[in-house]
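Undergrad: So the protein lines, in turn, are chains S and C. Just so you know, we're using this note's numbering here: the first sequence kicks off at 42 and counts up by one. Just so you know, we're using this note's numbering here: the second sequence kicks off at 42 and counts up by one. Here a beta-carbon is modelled for each residue, glycine too, at the ideal position from N, C-alpha and C. Pasting a structure below so you can have a look.
2 protein chains.
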Amino acid sequence: MWTYEAPVADMLHLLTRVLDAPASWAGQPAFADLDADTAGEVLQQAGRFAGEVLAPTNAPGDLHGCTWTPEGVTTPPGYREAYRAFVAGGWPALACTPEAGGQGLPQLLNMALFEMLAAANHGWTMYPGLLHGAYEVVLHHAVPELRARYLAKLVSGEWLGTMCLTEPQAGSDLGLVRTKAELTAGAAANGAPVAITGSKVFISGGDSDLTDNLVHLVLCRISGRSVDTPAGTKGLSLALVPKLLPDGTRNAVFCDGIEHKMGLHGSATCQMRFDRAQGWLIGEPHRGLAAMFLMMNAARLHVAMQGVGHLEAATQNAWRYAAERLQMRAPQRPSDAAAAGAGPDPIAWHPAMRRTLLTLRARTDACRTIAYWCALLLDEADHHPDAARRAAAADHVAILTPVAKSLFTELGHRSADEALQVWGGYGYVRDYGIEQTVRDSRIAMIYEGTNEIQAIDLVQRKLLADGGQRAGALRAVLAAEAAACRASTGPQPGLQPFADALDAQLADWAAVQQALQARAGTDAEYALRVADDVLAGVGHALMCWAWARIARTALDPARAPAAGGRSAASWLQSASFGLQWLLPQAQVHWRRALQADAALPFLVA
Amino acid sequence: MWTYEAPVADMLHLLTRVLDAPASWAGQPAFADLDADTAGEVLQQAGRFAGEVLAPTNAPGDLHGCTWTPEGVTTPPGYREAYRAFVAGGWPALACTPEAGGQGLPQLLNMALFEMLAAANHGWTMYPGLLHGAYEVVLHHAVPELRARYLAKLVSGEWLGTMCLTEPQAGSDLGLVRTKAELTAGAAANGAPVAITGSKVFISGGDSDLTDNLVHLVLCRISGRSVDTPAGTKGLSLALVPKLLPDGTRNAVFCDGIEHKMGLHGSATCQMRFDRAQGWLIGEPHRGLAAMFLMMNAARLHVAMQGVGHLEAATQNAWRYAAERLQMRAPQRPSDAAAAGAGPDPIAWHPAMRRTLLTLRARTDACRTIAYWCALLLDEADHHPDAARRAAAADHVAILTPVAKSLFTELGHRSADEALQVWGGYGYVRDYGIEQTVRDSRIAMIYEGTNEIQAIDLVQRKLLADGGQRAGALRAVLAAEAAACRASTGPQPGLQPFADALDAQLADWAAVQQALQARAGTDAEYALRVADDVLAGVGHALMCWAWARIARTALDPARAPAAGGRSAASWLQSASFGLQWLLPQAQVHWRRALQADAALPFLVA
């Protein structure tokens, strides 16, 4: 049966040995007290919560789903108890600033926490999933009065937060948002009271029974005779609209129904109606999208971690099942299984299944390494005392975020789908759980900006906008790994292929970067035509970097994995497999990205 | 909302113009009376049934699912009525021999019919899906008495048939089947009465309310003191076990429950128990698998057609939605849309969506062309008066069948999954239907031999077993298309890239074939390690052939599409897109298939 056990020892190996996170923390006063042992303890406890409290609610949550009545949403059995334990454990406060009552731990640990939560129960994780983003918006944009009223409750998790963007006619195109904010007193200014009217759809946790109160952050347009609201995205504002008003009465915020979805049945996806609901502007008028982007950027990395979580869940369940299920004699058997009987062998011994299982693991290792590195850089961007280092880290994160969101969620879903094949017919049956992972993981490719939107963000705003400077800086950092592998190839000849492959990937990326810039002026659509391939190519270059780094660590006796996790040989096996079997896919993407003349015509009937 | 309209004009274009089926029929006495108009009329009627009667039952069938009680299975609302109309229309008899009361039409038309049925409602189609296979087994293997009793009922569809192979411990490995057949009178011989005892799982339509009686074909082992049953697959026999005995009483065949599945909710996937059920051997004792393979081969092509059906359903629904949904200004607009307003444009104009939509269509066109060609060859293999032509066609079909099953079902599922992205968040919601297509299509990659098993069948039994002779013969036929394109390049320079690409694919295939043969003796696992890539490579070579043929037809004024379907420009656009954007993927597969030294180690913990 489907289970989830957080691979804490392997996560720690990546954090401490592969990525040297403690060295990074030591350079940041905010985390100067944090060491590998403390981080390990935090992850151990998070792993216990995810594996023991949350994972058992996953399948029942899918089966029962949420119940809607006009009075509100009831979550599936066990969800309330799990949320209570989550708050009691102080998990919402993990990465919040101590000044606001938070624990002040790095985003890196928060991301590892949310990877575990999503792996254990993605549906449940949707409820606290936007908490940190809401906290950031209130912390950075709310006027003091609102901050005093709402910040501590979001830090503790006593109240949950939602992000109300989408409307039926406004999905990827937020410029079409119509929800209106009427000023009820004073001029349009941060903190001004407003009456919100409009309909929002796809609002995760728009209502629930997990908390008494909810803090909705609503994208809207200020309307009023004396206000000149620009059209499109430039005229959007943000309002904070609570479910319960400060006097404890119910605000005019209604959940009119919930969606029946392919998966994530435990997460209430709400149709919301604001009927002159009382709210307050948060952030500057007409600058709502900028404030919201703060939330969306955090959310994008959260979604990327969901991809890693699904990868892990699919991988560990497939490995377990393949070791137990016996079908047919294997053409060859492991050398230590010589005494195996005459009967059928574990399917894990059959070549087709070895290939699938190693594919799953190599992807999981690479994506997790990139994800943690991105989170580590995010912490440096926020907390490093050296401004140049902060700026460099922020530049790396700017490129890594859309790639991580798109690559990990696609691999998370596709890998779950490929893993299902390991179970054969049983994989198609609910009882074995993997089909739920396939269904649940699908949404991550869509929300917080579809993966296509991520690719456009990458090429237009990240690779092209600055003439390729940030991209060049990131490639230089990745190239250092190739150099490190090369420097080790005296004692470790096995690293040579990693160095060569990584250099080749970076050369391909540089060539594509060059082509993007050269053609930007003459063929406006070129970058958009090849955006998906560019993102996939960059993603493969990053995976190559991760496999190189994992391999170099595995071959370094001074950085041997701690007990309780996988062996150095296992890490090396996965990295080598990735290099040989998965990296070749990069060539298709790079080549197609350079295929400037390939037509992408309008559709002919 | 999701709908399905059979693209009859486009199917006919492929049949008559691209594949010249009428010329093939003219050469076969069995089909000498069949012409393009008659075939068109049959497809028109089939399309009406699929689109008007069956498609409206698809979403409700998913929502309601089947109901199980100890008395039996109740199918979803509308299923009985649709099945009654199906029988009344004479559809089960379409490709059955006139001697048995059939219409004697080609398999090609039957396959096109089943493509439509699967596209319109895959769950419902599972019930009649095994009818033709059961008919073939009874026709070719049953003793006259059984044939007299059951054949006509299967031809008319008054009774349905099932295929009872899988047991909990015996999935891909049928050698582990335990269900036992005790001889109740006489010696082990074709037609001998037996008492069947055992449990079967994953039996599609093992019980239903669509017909009174069911004809189960049960894989079993003869047990008895005087019978020497070999172990493994060589000891398997086949028995015919009806739900109702000839005297009208209920046989000891029980449906103990149905599976709760990811999709295909309208199809009852039954757990069956045979409790000394009365049956009769069908075919020679211990030769049950050979008899069953007759049924499984037909079933494999049926499953391939399900893949084509899902491709079509996903494609046409995505095209429709993308033309209606307005979001954001497109960076460029079609030249004939110059007068478009200032508002958001159809998402079909955005480059990322154009790419997805053209991907869907190019795959659909290629797979359908290959599928119909395979069915056309199947008819020639059965009916052509020239023995050499029959043998050659059978050899082609032997290679095409596993490729078609695996390639089409994977593309069917993956394309539905990619199509879902076109709807954004709405795609994840039940009401829009595409998520059902994703869920329903997943099973086709598993049943009738998993796609991994198909790849092993391809490399071991089809490419290697005869030293590559059949593969060489098939490549020669495909090469003729490249030559035809070249011969046309005077008047049609646009065909040159198709000819070049096809020649290159065939050269890659030949190189891989060579490597497979060369290494078969020294590295027993090599073929198995690369089997998935070899199948994907051959699949791409076939798609390249299809695009070339489609393009050559589109550029031939003498073979212009008939009115009511797509324009020649549309066919050419799709083929050119396939060549430029999809074919590059082949290189990854060919290169990986040649990567002899790539390790595929046993898993290290």
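1. Could you give the C-beta distance for R593 (chain C) and S529 (chain C), rounded to a whole number, given that I count them as a contact under 8 Å?
2. Counting only beta-carbon separations shorter than 8 Å, does Y473 (chain S) have a partner in chain C?
3. Which residue comes first and which comes last in the beta strand (DSSP E) that contains S240 (chain S)?
4. Counting C-beta neighbours from all protein chains within 10 Å, is the total for T290 (chain C) 16 or more, i.e. buried, or is it exposed?
5. Just checking: is the beta-carbon of R219 (chain C) within a distance shorter than 8 Å of some beta-carbon in chain S?
6. Helix or strand or just coil, what does DSSP make of A183 (chain C)?
7. Who are the near neighbours of L305 (chain S) in its chain, counting only those whose CB is closer than 8 Å to its CB and skipping five residues on each side?
8. Within this structure, are the beta carbons of E208 (chain S) and V259 (chain S) separated by less than 8 Å?
9. In the DSSP assignment, find the unbroken alpha helix (DSSP H) run with C107 (chain C) in it and report its ends.
10. Quick one: using the 10 Å Cβ neighbour count with 16 as the cut-off for buried, is R502 (chain C) buried or exposed?
11. Buried or exposed: where does T356 (chain C) fall if 16 or more other Cβ atoms within 10 Å of its Cβ makes it buried?
12. Going along the region 380-397 of chain S in order, which residues come within less than 9 Å of chain C, judged by CB to CB distance?
13. In whole angstroms, what is the alpha-carbon distance linking L543 (chain S) and E459 (chain C)?
14. Just checking my contact of C415 (chain S) with L342 (chain S) at CB under 8 Å: how many whole Å lie between their CB atoms?
15. Just checking, does the region 306-322 of chain S make contact with the region 278-285 of chain S on the three C-beta pairs under 8 Å criterion?
16. Determine, using beta carbons only, whether A640 (chain S) comes closer than 8 Å to chain C.
17. Between which residues of its own chain and N99 (chain S) is the CB-CB distance below 6 Å, once the five residues before and five after are set aside?
18. For G334 (chain S) and chain C, any beta-carbon pair shorter than 8 Å?
19. Mind pulling the chain S residues with CB within less than 7 Å of D214 (chain C)?
20. Using a Cβ-Cβ cut-off of less than 8 Å, give me the residues of the region 560-590 of chain C that come near chain S, in sequence order.
21. Which chain C residues are close to F243 (chain S), counting only those with a beta carbon under 8 Å from its beta carbon?
22. Note down, in chain order, each residue of its chain lying with its Cβ closer than 7 Å to the Cβ of G92 (chain C), except the 5 sequence neighbours on either side.
23. Which residues, taken in chain order from the region 612-624 of chain C, show a beta carbon closer than 8 Å to some beta carbon of chain S?
24. Would you list the residues sitting across from G202 (chain C) in a DSSP beta bridge?
25. By DSSP, does E46 (chain S) sit in helix, in strand, or in coil?
26. Starting from E451 (chain C), trace the alpha helix (DSSP H) in both directions and tell me its first and last residue.
27. Along chain C, which residues have their Cβ under 7 Å away from the Cβ of A645 (chain S)?
28. Would you kindly check if the distance between the Cβ of S240 (chain S) and the Cβ of M313 (chain S) is under 8 Å?
29. Can you check the region 245-329 of chain C for any beta strand (DSSP E) of at least 3 residues that lies completely inside it and give the ranges in chain order?
30. Does the beta carbon of Y124 (chain C) sit closer than 8 Å to a beta carbon anywhere in chain S?
31. Give every residue of the same chain whose Cβ lies closer than 6 Å to the Cβ of A236 (chain S), excluding the five residues on either side of it in the sequence, and list them in chain order.
32. What would DSSP say about A73 (chain C), mapped onto helix, strand or coil?
33. Go ahead and pull the three-state DSSP assignment for T563 (chain S).
34. Distance, Cα to Cα, A565 (chain C) vs L641 (chain C)?
35. Report all residues from its chain with a CB closer than 8 Å to the CB of A512 (chain C); omit the five preceding and five following residues, and keep chain order.
36. Closer than 9 Å, Cβ to any Cβ of chain S: which residues of the region 450-464 of chain C, in chain order?
TA: From the atom records:
1. Confirmed, Cβ separation roughly 6 Å.
2. With respect to chain C, the C-beta atom of Y473 (chain S) has no partner C-beta closer than 8 Å.
3. Residues P234 to S245.
4. exposed
5. no
6. The answer is coil: DSSP assigns A183 (chain C) none of H, G, I, E or B.
7. For L305 (chain S), where only same-chain residues beyond five positions count, the Cβ hits under 8 Å are H163, G164, M167, R480, D481 and I484.
8. Not in contact: E208 (chain S) and V259 (chain S) (Cβ atoms no closer than 8 Å).
9. Segment: none, C107 (chain C) is in no alpha helix (DSSP H) and carries neither H nor E.
10. exposed
11. buried
12. Correct list: G384, P385, I388, A389, W390, H391, P392, A393, M394, R395, R396 and T397.
13. Taking the Cα positions, L543 (chain S) is about 30 Å away from E459 (chain C).
14. 7 Å
15. In this structure the region 306-322 of chain S touches the region 278-285 of chain S; the number of beta carbon pairs closer than 8 Å is three or more.
16. yes
17. N162
18. Here residue 334 (chain S) is Phe; the residue named in the question, Gly, does not match the sequence. No, its Cβ sits nowhere closer than 8 Å to a Cβ of chain C.
19. Q368, M369 and P385
20. Flagged, chain order: A565, E566, L569, R570, A572 and D573.
21. What F243 (chain S) touches in chain C: G466.
22. Y45, E46, A47 and A161
23. Q614, S617, F618, Q621 and W622
24. In DSSP, G202 (chain C) forms a bridge with C:V256.
25. Residue state, collapsed to three classes: coil.
26. A428 to L461
27. Here residue 645 (chain S) turns out to be Val, not Ala, going by the sequence shown. The contacting residues are S608, A610, S611 and Q614.
28. Their beta carbons are under 8 Å apart, which means M313 (chain S) touches S240 (chain S) by this criterion.
29. 255-264, 278-283, 294-299 and 310-322
30. Cβ-Cβ to chain S under 8 Å: no for Y124 (chain C).
31. E223, T225 and R317
32. coil
33. coil
34. 13 Å
35. I440, K503, L504, W550 and Q554
36. H454, R455, D458, L461, Q462 and W464
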